[in-house]
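The block underneath contains the structure these notes are about, expressed in structure tokens.
So this is what it looks like as structure tokens:
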């Protein structure tokens, strides 16, 4: 685990993870990487070719997931993603016991086989799947999803359960109108 540090993580950690054959695996990320780790992961994934997506799905199935009680966390998530893709990362820490207790600030899961992406915030999830798959969503889509979550947090509301493609489309239209108005 060359991309890991052996320091005890703080209580409110974030996670990057993968859904492999329907099973979730996740690794803590260093605090300085959240919530930007999700953006980094999103940019990496959306920049992949179809062959890269297939390779990543195959390589993830061969990664050895080492159970860890929170003594390791990833220092540079993007290096880990690149390492999985090129085959140099063959083992990852898995922190399953903490993923579902609601203390992680952010968690990002990618299912390369089904082209699904999840953004978790304190246990609430936004799913980008089905009609809004990894290959369909754009930078603006990521911004709209993130803005919806931040707006809900700012208004002390529960984050939305799922990304509704129609709501996402409306959010994108609002952003484009605002950008056009600022340019005039």
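Numbering (the working numbering), first residue to last: 12 to 195.
We treat Cβ as the ideally placed atom computed from N, Cα and C, and that holds for glycine.
Predicted model only: the values in this text are computed from it and were never measured.
Give the DSSP-derived three-state secondary structure of residue 74 in the structure shown.
Residue 74 falls in the coil class under three-state DSSP.
In terms of DSSP beta bridges, what is residue 103 paired with?
76, per the DSSP bridge assignment.
At a cut-off of 7 Å, would you count residue 126 as near the ligand GDP, judging by its Cβ distance to the nearest heavy atom?
For the ligand GDP, the structure offers nothing, since it holds no ligand at all.
If you follow the alpha helix (DSSP H) that residue 94 is part of, which residue opens it and which one closes it?
Segment 88 to 97, the alpha helix (DSSP H) holding residue 94.
Find out if the Cβ-Cβ distance for the pair residue 118, residue 26 is shorter than 8 Å.
Yes.
Considering only the alpha carbon of each residue, which of 129, 124, 78 and 38 lies closest to residue 64?
Nearest C-alpha to residue 64: 124.
What distance in whole Å lies between the Cβ atoms of residue 76 and residue 36, which are believed to be in contact at a cut-off of 8 Å?
Contact holds; Cβ gap of about 5 Å.
According to the Cβ coordinates, are residue 52 and residue 100 closer than 8 Å?
Not in contact: residue 52 and residue 100 (Cβ atoms no closer than 8 Å).
Can you grab the Cα-Cα spacing for the pair residue 71 / residue 58, in whole Å?
In a straight line, the C-alpha of residue 71 is about 18 Å away from that of residue 58.
Can you tell which of 49, 161 and 40 has the C-alpha that lies nearest to the C-alpha of residue 85?
If we check each option's Cα against that of residue 85, 40 comes out closest.
Pick from 92, 131 and 162: whose alpha carbon is nearest that of residue 54?
Among 92, 131 and 162, the Cα nearest to that of residue 54 belongs to 92.
In the DSSP assignment, the beta strand (DSSP E) including residue 37 goes from what residue to what residue?
Its beta strand (DSSP E) spans residues 34 to 40.
Pull up the distance between the alpha-carbon of residue 97 and that of residue 165, whole angstroms please.
Looking at the two C-alpha atoms, the distance is approximately 40 Å.
In angstroms, rounded to a whole number, what distance separates the CA positions of residue 167 and residue 131?
Rounded to whole angstroms, residue 167 to residue 131 spans 16 Å at the Cα level.
If you count every other CB in all the chains shown that lies within 10 Å of the CB of residue 105, and 16 or more means buried, which is it?
So residue 105 counts as buried.
The beta strand (DSSP E) that contains residue 122, what's its start and end?
That run of the beta strand (DSSP E) goes 118 to 122.
In chain order, what residues of the same chain have a beta carbon less than 6 Å from the beta carbon of residue 67, not counting five sequence neighbours either side?
The residues are 96 and 123.
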